[in-house]
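Chemist:
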Amino acid sequence: MAEEQISVDGDVNDTEDLEPEKEVKAIYDDKRPQKLLQTAWQNLQSGLYTDVIVIVNERKFPAHRLVLSSLSDYFPPLLKIDEKGSGEVIIQNVSSEDFDILLKYAYTGLVDITPDNVQSVLIAADYLSIEFVKRECTTYMKSHIDIDNVCDALIFAKSFVINDLEQKAFKFLLENLDSVSRTVGFAKLDSHYLAKILDDDNLVLFQNQAIMRSKDREKLVLEAVLRYLLIKNEEDPNLIQILISSVRLPEITEEEVNNCLESYKQFRNNSIVKRSLVLRKKALYIISQKEEPEFASLVASASEVPSSWFRKRKLAFVTITPGLRSYASGGEVGRVNDHPDFKLTDANFKIQKIEIWTRLWDTAEIIGGMKIVYQSMDGHCSDIEYSKGVSHHVENTHIVELEPNEFIIKVNIGSGWLIDSLCFHTTLGKVYGPFGGAGGGIHEEIAPRDSPSYLFDMGYQSVITQGSPAIYNLCLRWIAFS
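Using the UniProt record's numbering, read the sequence shown as starting at 1 and increasing by one per residue.
#1: Check the Cβ-Cβ distances between E365 and every residue of chain D, and say whether any is below 7 angstroms.
#2: How close, in whole Å, do the beta carbons of I399 and I372 come, if the pair is a contact with beta carbons under 8 angstroms?
#3: Out of V257, P237, A283, state which residue places its alpha-carbon closest to the alpha-carbon of L222.
#4: Measuring only the C-alpha atoms, how far is P20 from Y28?
#5: Relative to the C-alpha of T345, which residue among T321, T358, I419, C137 is closest?
#6: According to DSSP, which residues form a beta bridge with S376?
#7: Measuring only the C-alpha atoms, how far is K80 from L68?
#8: Report, in whole angstroms, the separation of the C-beta atoms of V150 and V184, which I expect to be a contact under 8 angstroms.
#9: Pull the bridge partners of R59 from the DSSP assignment, please.
#10: Just reading off the alpha helix (DSSP H) that H144 is part of, what are its end residues?
#11: Using DSSP with H/G/I as helix, E/B as strand and the rest coil, what is D73?
#12: Among residues of its own chain, excluding the 5 on either side of M377, which ones have a beta-carbon nearer than 6 angstroms to its beta-carbon?
#13: If distances are taken between C-alpha atoms only, which option among G437, L455, L110 comes closest to T363?
#14: Flag this pair as yes or no: are the beta carbons of I211 and F407 separated by less than 7 angstroms?
#15: Using a Cβ-Cβ cut-off of 6 angstroms (strictly less than) and excluding sequence neighbours within five positions of D200, which residues of its own chain qualify?
#16: With a cut-off of 8 angstroms on the beta carbons, I'd call H443 and I413 a contact; round off their distance for me.
#17: Would you report the Cα separation of A447 and Y454, rounded to the nearest angstrom?
#18: Quick one: using the 10 Å Cβ neighbour count with 16 as the cut-off for buried, is P340 buried or exposed?
#19: Just verifying my parser: in three-state terms, what is the DSSP assignment at Y105?
#20: Hey, quick one: how far does the beta strand (DSSP E) through P322 stretch, first residue to last?
#21: So is V8 buried or exposed if we call it buried at 16+ other beta carbons inside 10 Å?
#22: Find the nearest neighbour of D420 within the set G369, I242, E218, judged by alpha-carbon distance.
#23: Look at the alpha carbon of E294 and the alpha carbon of S288, and state the distance between them as a whole number of angstroms.
#24: Residues bridged to V463 by DSSP?
#25: Opposite H425 in the DSSP bridges: which residues?
#26: Determine the direct distance from the alpha carbon of K22 to that of I6, and round the result to whole angstroms.
#27: What are the boundary residues of the beta strand (DSSP E) that includes H443?
#28: Quick one: what's got a C-beta closer than 6 angstroms to I90's C-beta in the same chain, skipping five residues either side?
#29: Smallest Cα separation from Q92: which of S70, N163, A125?
#30: Can you tell me whether A2 is buried or exposed? The criterion is at least 16 other CB atoms within 10 Å of its CB, across all chains shown.
#31: Assuming G323 contacts C137 (C-beta within less than 8 angstroms), just tell me the rounded distance between them.
#32: Pull up the distance between the alpha-carbon of N259 and that of F456, whole angstroms please.
#33: Helix, strand or coil: how does DSSP classify A283 here?
#34: Taking the alpha helix (DSSP H) that H64 falls in, what are its first and last residues?
#35: Using three-state DSSP, classify G437 as helix, strand or coil.
#36: Alpha carbon to alpha carbon, how far is I409 from N176?
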């Protein structure tokens, strides 16, 4: 008699009747979902098997409930309302043109975005909770920001709380304020919003990919304000006062203010502007007493002077980083203990001039000496010079003089045992060099690309070889602003 086993629930199981589990293998056809959508799209175009009509602005769109319910969480409740009704549902607050685009996306996965429809499609996608389309419209707008549409993008992003688009548009505005302020779209910005931007102690403006310093920055702010008032034809004295006050007028010389007003003669006799020029002189006097004990009381008593005029705007957050490596630092000719010394510590200085002397080493031309002149961009300090090597036994002399708003963003270095050659590329698209000979390996360093940046300084050493100086152990440093 076969042995029986009693289970915990009292059932009798015959162990001899049990069969081993059979292996089940699930095979996935990755083309099947796409085929389903293709068939649904073909049926829609042919008018087959549709089971609902969506009415948008009196235009009727036949569709399939299954496809719509998969589009977003908005549709299942909408379709449930008419589960046993007329077979029609109505969508409000969306244009028929935008819904046509979104319906095509539901069946094909394709979104037809253009500069003209991207904002309305994004709004419709947001209303219908179609996240992919909303995200892709935002990405499209971010990648298509330009001089003419940046203000529209900024206004749109603020209205619909699209933070990443707002940040991108705001950054573009600050980097291109001069050009943007010349467009009709600039006047679309709200006056109070613009004043808040321009009055910020942390305002950072750029020109030719480089940060602007105080005098040039304030001159640009003044020009932008006057352009805005001119395009907008603003006559409200309170708004004019708010915008003019956002300019740190004491930072600009009287001559430059007058030159600016000469270009915008409509404002020369404006009472608000004339009063602001009087207050500028008063502020300059008080600022000149900064080291005196009564300075604080003078500021307090000048209540009619904008308080921001007594504060300097802060420089952007600055990062100074060394380059990729030291060049000609293997110790083959001179002893190398560490990185070379750097002369510069103040971010308000920039390279203004480089003088390079080349000489022969055996029969090869190399860099025998170099002098760098650093200039204060605020004009408040004397130039700083850094020189190594001397100019005797010179084969060639090369001088690079940069314009006030020109900065080096790429350097090619020829190096072996010594520095053989140097070549500089700038923000104005100019190339200086190469200076020197063809020896050594060619290396390239480029300014960091994550934020506006340029060559801050160069450190290098000099060694006597074959009776004359030569440059070796060269290292670059880059400055970046955020």
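Think of the CB as a built atom: it goes at the ideal place given N, C-alpha and C, for glycine as much as any other residue.
Here the structure is a predicted model, which is why all the values come from computation and not from measurement.
Modeler: Taking the definition as stated:
#1: This model lacks chain D altogether, as it is built from one protein chain only.
#2: I399 to I372, Cβ: 12 angstroms. No contact.
#3: The candidate whose alpha carbon is nearest that of L222 is V257.
#4: Computed Cα separation, rounded: 25 angstroms.
#5: Out of T321, T358, I419, C137, T321 has the C-alpha closest to the C-alpha of T345.
#6: Its beta-bridge partners are F349.
#7: Distance between the alpha carbons of K80 and L68: 12 angstroms.
#8: That pair is no contact at about 12 angstroms.
#9: Answer is V56.
#10: For H144, no alpha helix (DSSP H) segment is defined, and its DSSP state is neither H nor E.
#11: Coil, per DSSP.
#12: Within the same chain, R213, N348, K350 come within 6 angstroms of M377 by CB-CB distance, once the 5 residues on both sides are set aside.
#13: Among G437, L455, L110, the Cα nearest to that of T363 is on G437.
#14: In this structure, the beta-carbon distance from I211 to F407 does not fall below 7 angstroms.
#15: Nothing meets the Cβ criterion.
#16: Yes, H443 and I413 are in contact; Cβ-Cβ is about 5 angstroms, under 8 angstroms.
#17: Approximately 5 angstroms, taken between the alpha carbons.
#18: In the assembly as shown, P340 is a buried residue. Its beta-carbon has 16 or more other beta-carbons within 10 Å.
#19: In this structure, Y105 counts as helix in the three-state DSSP scheme.
#20: Following the DSSP letters along the chain, one finds P322 inside the beta strand (DSSP E) bounded by residues 318-322.
#21: Because V8 carries a pLDDT of 48, less than 50, the predicted location of this residue cannot be relied on, and the following value inherits that uncertainty. V8 counts as exposed, since fewer than 16 other C-beta atoms from the protein chains shown sit within 10 angstroms of its C-beta.
#22: Residue G369 is the option with its Cα nearest to D420.
#23: Approximately 11 angstroms, taken between the alpha carbons.
#24: Residue pairing for V463: DSSP places it in a beta bridge opposite A470.
#25: Per DSSP, the beta bridge partners of H425 are K410, V431.
#26: Its pLDDT being 48, under 50, I6 is placed unreliably by the model, and nothing is read from it.
#27: Run containing H443: 441-446, per the beta strand (DSSP E) assignment.
#28: The residues are I55.
#29: Among S70, N163, A125, the Cα nearest to that of Q92 is on A125.
#30: Low per-residue confidence applies at A2: pLDDT is 49, beneath 50, and the placement is therefore not dependable enough to give any value.
#31: No, G323 and C137 are not in contact; Cβ-Cβ is about 40 angstroms, not under 8 angstroms.
#32: Taking the straight line from one Cα to the other gives about 32 angstroms.
#33: For A283, the secondary structure class from DSSP, reduced to helix, strand or coil, is helix.
#34: Neither: H64 is in no alpha helix (DSSP H) and is coded neither H nor E.
#35: Of the three classes helix, strand and coil, the one that applies to G437 here is coil, per DSSP.
#36: Between I409 and N176, the C-alpha separation is close to 19 angstroms.
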